[in-house]
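With this note's numbering as the guide, the letters of the sequence shown map in order to residues 9 to 152.
Glycine included, every Cβ here is placed at the ideal spot set by N, Cα and C.
Below: the structure, in structure tokens.
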Amino acid sequence: MDLADDRRSTGVREEEVRSKVKAIHHIDVRKENIFLEPSCNPLLHDVITTCFCCESASQSIKNVANLLKSGGYLCMFGVLEQNSYRVRNFQFPSVNVKTEDIQSTITEIGFEILELKTLFNDEEFTSNTLTDSKNIYALFAKKL
Ligand SMILES: C[S@@+](CC[C@H](N)C(=O)[O-])C[C@H]1O[C@@H](n2cnc3c(N)ncnc32)[C@H](O)[C@@H]1O
9 MDLADDRRST GVREEEVRSK VKAIHHIDVR KENIFLEPSC NPLLHDVITT CFCCESASQS
69 IKNVANLLKS GGYLCMFGVL EQNSYRVRNF QFPSVNVKTE DIQSTITEIG FEILELKTLF
129 NDEEFTSNTL TDSKNIYALF AKKL
């Protein structure tokens with residue numbers, strides 16, 4: 009389905025998403041076993057997606073990638089060259105990463121990069137008072 013053409017109400021779409029969520033777990037991606045609940049049995053997954061998360065916790069992607077099956081896919085969106093971001097009055101730190109950092113790290117931890125691109129032209133992307141980021145990247149990679 010083309011999500012941009014989805015004319016269903018937000019209520020219907022919310023219901024659909026809620027029916028598909030199987031579990032919510034507390035995690036800390038800086039830990040080798042990221043799950044904070046001792047009873048949680050980490051399963052291997054076919055696909056893992058992250059959105060605006062990995063730059064919030066440094067050295068984390070390897071721990072997330074450990075939960076992916078060999079041959080599985082990692083789909084990651086994030087911000088480039090962001091030092092911090094603001095939510096209301098709180099300023100949160102961010103790991104300042106460039107496209108080259110994503111490329112080398114993802115390759116080093118055993119992935120083939122299928123696609124890595126920035127979503128905006130540099131001159132098109134304007135920072136605002138919430139973030140000093142320079143662009144947004146999208147990564148699609150396969151675990152070898
Ligand atoms: C910028 S928010 C993005 C939230 C959401 N994915 C979105 O796109 O709106 C960054 C998220 O990273 C989470 N985070 C920060 N440090 C973390 C850590 N060590 N382990 C797991 N999540 C962490 C924060 O709780 C926050 O929800």
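Reducing DSSP to helix, strand and coil, say where residue i ends up.
i, result
"aspartate 54", "strand"
"cysteine 30", "A small correction: the amino acid at residue 30 is lysine; cysteine does not occupy that position in the sequence shown. Coil at lysine 30, not helix or strand."
"cysteine 59", "strand"
"arginine 21", "helix"
"asparagine 74", "coil"
Would you call the CB atoms of residue i and residue j closer than 8 Å?
i, j, result
"isoleucine 114", "alanine 65", "no"
"lysine 6", "leucine 88", "Because residue 6 is not part of the residues shown, which for the chain are 9 to 152, the question remains open."
"leucine 147", "isoleucine 121", "yes"
"leucine 52", "leucine 75", "yes"
If you follow the beta strand (DSSP E) that residue i is part of, which residue opens it and which one closes it?
i, result
"glutamate 131", "Per DSSP, glutamate 131 belongs to no beta strand (DSSP E) and is neither H nor E."
Can you pull the DSSP bridge partners for residue i?
i, result
"arginine 38", "Paired residue(s): none; arginine 38 is not in a bridge."
"lysine 150", "Tyr81 and Glu120"
"arginine 94", "Gln99"
Is any non-hydrogen atom of ligand 2 found closer than 7 Å to the C-beta of residue i, if you look at the structure I gave you?
i, result
"cysteine 48", "In the structure shown, ligand 2 is absent; the only ligands present are ligand 1."
Where do the ends of the alpha helix (DSSP H) carrying residue i lie?
i, result
"threonine 126", "Careful: threonine 126 lies outside any alpha helix (DSSP H), inside the beta strand (DSSP E) at 119-126."
How do the region 124-135 and the region 95-104 stand: do at least 3 beta-carbon pairs fall below 8 Å, yes or no?
-> Under the 8 Å Cβ criterion, the region 124-135 does not count as touching the region 95-104, having fewer than three qualifying pairs.
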